[in-house]
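> If you're matching positions, the sequence shown starts at 2 in this note's numbering and goes up one per residue.
All C-beta atoms, glycine included, are put in the ideal place defined by N, C-alpha and C.
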Amino acid sequence: MGHDHSHGHTQNKKALLISFLFIFTFMIVEVIGGVMTNSLALLSDAGHMLSDAAALGLSLAAFYIGEKASNNGKTYGYKRFEIVAAFLNGITLLLVSLYIFWEAYRRFIVTPDVSPSMMIIAVIGLVVNIIVAWILMRGDTEHNLNVRSAFLHVLGDMLGSVGAIIAGILIYFFNWNLADPIASVIVAILIIISGWRVTKDSIHILMEGSPANVDMDQVKRSMSALKGVIEVHDLHVWSITSEYTAMSCHVVVEDEVDRDVILSQLSEFLEREFDIHHATIQIEGEKALGGHHHCCT
Numbered sequence: 002m003g004h005d006h007s008h009g010h011t012q013n014k015k016a017l018l019i020s021f022l023f024i025f026t027f028m029i030v031e032v033i034g035g036v037m038t039n040s041l042a043l044l045s046d047a048g049h050m051l052s053d054a055a056a057l058g059l060s061l062a063a064f065y066i067g068e069k070a071s072n073n074g075k076t077y078g079y080k081r082f083e084i085v086a087a088f089l090n091g092i093t094l095l096l097v098s099l100y101i102f103w104e105a106y107r108r109f110i111v112t113p114d115v116s117p118s119m120m121i122i123a124v125i126g127l128v129v130n131i132i133v134a135w136i137l138m139r140g141d142t143e144h145n146l147n148v149r150s151a152f153l154h155v156l157g158d159m160l161g162s163v164g165a166i167i168a169g170i171l172i173y174f175f176n177w178n179l180a181d182p183i184a185s186v187i188v189a190i191l192i193i194i195s196g197w198r199v200t201k202d203s204i205h206i207l208m209e210g211s212p213a214n215v216d217m218d219q220v221k222r223s224m225s226a227l228k229g230v231i232e233v234h235d236l237h238v239w240s241i242t243s244e245y246t247a248m249s250c251h252v253v254v255e256d257e258v259d260r261d262v263i264l265s266q267l268s269e270f271l272e273r274e275f276d277i278h279h280a281t282i283q284i285e286g287e288k289a290l291g292g293h294h295h296c297c298t
């Protein structure tokens, strides 16, 4: 199990590093192209790529910082920096989208001429985004919040590139320059969606909310169904990072059962059925039934 986690950790870092280099390089190309062609669609997509490059760089830094050993001051180590990084990434995306909306509004009022050659750069951008999306798919997009958010950003970039291509076609064949700010608004909406998802998920983890893939009632019912267990109370399940779930609870057991055996069974069961690897379980005898107070589920 530890080997698999270590391999996944290394794979995620490699995917983020390569993706960062691709995105950052093409971002510079898009800025130059956007200025030369006077295209807000390209500049807005470059702004999205800038936020993606920053997000990828911050996520990459979070992996390295998270590897630092735990100490008396930080008993979980620095693993949670991943979530802080994700939160900052989400807020940045929301701010970038607001700026793009403002620029698009100005261009709806006074529509400047836009060179249809923007389409060429947009096509290259689409190819780059497809390559980066493929690289990130080789990481853990299902469980790691940073990798998943980066993947969502790249998907947004892909659609943004498609929007810029369509705008370029409309400008070239119909001289419809309004297509440029319309495309940039679509990109801004995609950025807001990505930014909101990442911000919401990171806040949920920072507030120690229960993981989305863990049904608290199901955990309690399953634990209570084990032979020798009478009741489960004061149950808390929370995330240290998007991949590291912790749990604590009190378990009332029959007086005649072997508490060490029950504890071992519960730990193995939680790891196998709910992927909870860090569980703090307080075992109590039947006398506790009359004395404890239910402060939680």
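Is the segment 259-275 in contact with the segment 221-238, if contact means three or more CB pairs nearer than 8 Å?
The segment 259-275 is in contact with the segment 221-238.
> Does the separation of the CB atoms of glycine 67 and lysine 80 fall below 8 Å?
Counting from 1 along the sequence shown, the entry for residue 67 is found at position 66. Counting from 1 along the sequence shown, the entry for residue 80 is found at position 79. The answer is yes: Cβ separation under 8 Å.
> Just mark arginine 222 as buried or exposed, buried being the case when its beta carbon has 16 or more other beta carbons within 10 Å.
On the sequence shown, residue 222 is found 221 positions in, with the first residue counted as 1. The residue in question, arginine 222, is exposed, as its Cβ has fewer than 16 Cβ neighbours within 10 Å.
> Identify whether threonine 298 lies in helix, strand or coil by the three-state DSSP scheme.
For the purposes of this step, residue 298 is identified with residue 297 of the sequence shown, where counting begins at 1. Any reading at threonine 298 needs caution, since the residue's pLDDT is 47, under 50, leaving its predicted position unreliable; the model's value is listed next. Reduced to three states, the DSSP call for threonine 298 is coil.
> Could you spell out the range, first to last residue, of the alpha helix (DSSP H) harbouring alanine 213?
Walking along the sequence shown from the start, residue 213 turns up at place 212. Where alanine 213 is concerned, there is no enclosing alpha helix (DSSP H), given that its DSSP letter is neither H nor E.
> For threonine 246, which residues does DSSP report across the bridge?
Position 245 of the sequence shown, counted from the first residue, corresponds to residue 246. Answer by DSSP bridge pairing, in chain order: Ser240.
> Can you tell me which of the three DSSP states alanine 280 falls into?
For the purposes of this step, residue 280 is identified with residue 279 of the sequence shown, where counting begins at 1. Three-state DSSP puts alanine 280 in a strand.
> Is the number of C-beta pairs between the segment 195-202 and the segment 143-162 that are closer than 8 Å three or more?
The segment 195-202 vs the segment 143-162: in contact.
> Between cysteine 296 and isoleucine 231, what straight-line distance do the alpha-carbon atoms span, to the nearest angstrom?
Here residue 296 refers to the residue found at position 295 of the sequence shown. Here residue 231 refers to the residue found at position 230 of the sequence shown. Bear in mind that the predicted position of cysteine 296 carries a pLDDT of just 44, short of 50, making it too unreliable to give a figure here.
> How far does the alpha helix (DSSP H) with arginine 107 in it reach, from first residue to last?
Stepping through the sequence shown from its first residue, residue 107 is reached at position 106. First-last of the alpha helix (DSSP H) with arginine 107: 82-110.
> Would you kindly report the start and end of the unbroken alpha helix (DSSP H) that includes methionine 217?
Stepping through the sequence shown from its first residue, residue 217 is reached at position 216. Its alpha helix (DSSP H) spans residues 217-225.
> Quick check on isoleucine 1: buried or exposed, where buried means 16 or more other Cβ atoms within 10 Å of its Cβ?
Since the displayed the chain opens at 2 and closes at 298, residue 1 lies outside it and no answer follows.
> Take isoleucine 193 and list the residues in its own chain whose beta-carbon comes closer than 8 Å to its own, dropping the five residues that flank it on each side.
By 1-based counting over the sequence shown, the position of residue 193 is 192. Cβ within range, chain order: Leu94, Leu95 and Ser98.
> Starting from the Cα of glutamine 219, find the closest Cα among Phe270, Ala105, Ser203 and Ile172 and give me that residue.
On the sequence shown, position 218 is the one that residue 219 refers to. For glutamine 219, the nearest C-alpha among the options comes from Phe270.
> Could you tell me the alpha carbon to alpha carbon distance between asparagine 90 and isoleucine 241, rounded to whole angstroms?
On the sequence shown, residue 90 is found 89 positions in, with the first residue counted as 1. On the sequence shown, residue 241 is found 240 positions in, with the first residue counted as 1. If I take the Cα positions, the gap works out to 18 Å.
> Just curious, the alpha helix (DSSP H) that serine 268 is in, first and last residue?
The residue you call residue 268 lines up with position 267 of the sequence shown. Segment 260-275, the alpha helix (DSSP H) holding serine 268.
> Got a sec, what are the start and stop residues for the alpha helix (DSSP H) aspartate 181 sits in?
Mapped onto the sequence shown, residue 181 falls at position 180. First-last of the alpha helix (DSSP H) with aspartate 181: 180-207.
> Would you mind sorting alanine 213 into buried or exposed? The rule is 16 or more other CB atoms within 10 Å of its CB.
Here residue 213 is taken as the residue at index 212 of the sequence shown, counted from 1. Result: exposed.
> Name the residue from Ile277, Glu244, Phe175 and Asp261 whose alpha carbon lies nearest to the alpha carbon of histidine 237.
Position 236 of the sequence shown holds residue 237. The shortest C-alpha separation from histidine 237 is found at Ile277.
> How long is the line joining the alpha carbons of methionine 248 and alanine 280, rounded to whole angstroms?
Here residue 248 is taken as the residue at index 247 of the sequence shown, counted from 1. Here residue 280 is taken as the residue at index 279 of the sequence shown, counted from 1. Their Cα atoms are separated by approximately 5 Å.
> Would you mind stating whether leucine 299 and leucine 18 have Cβ atoms separated by less than 8 Å?
In this structure the chain extends from 2 to 298, so residue 299 is not present and cannot be described.
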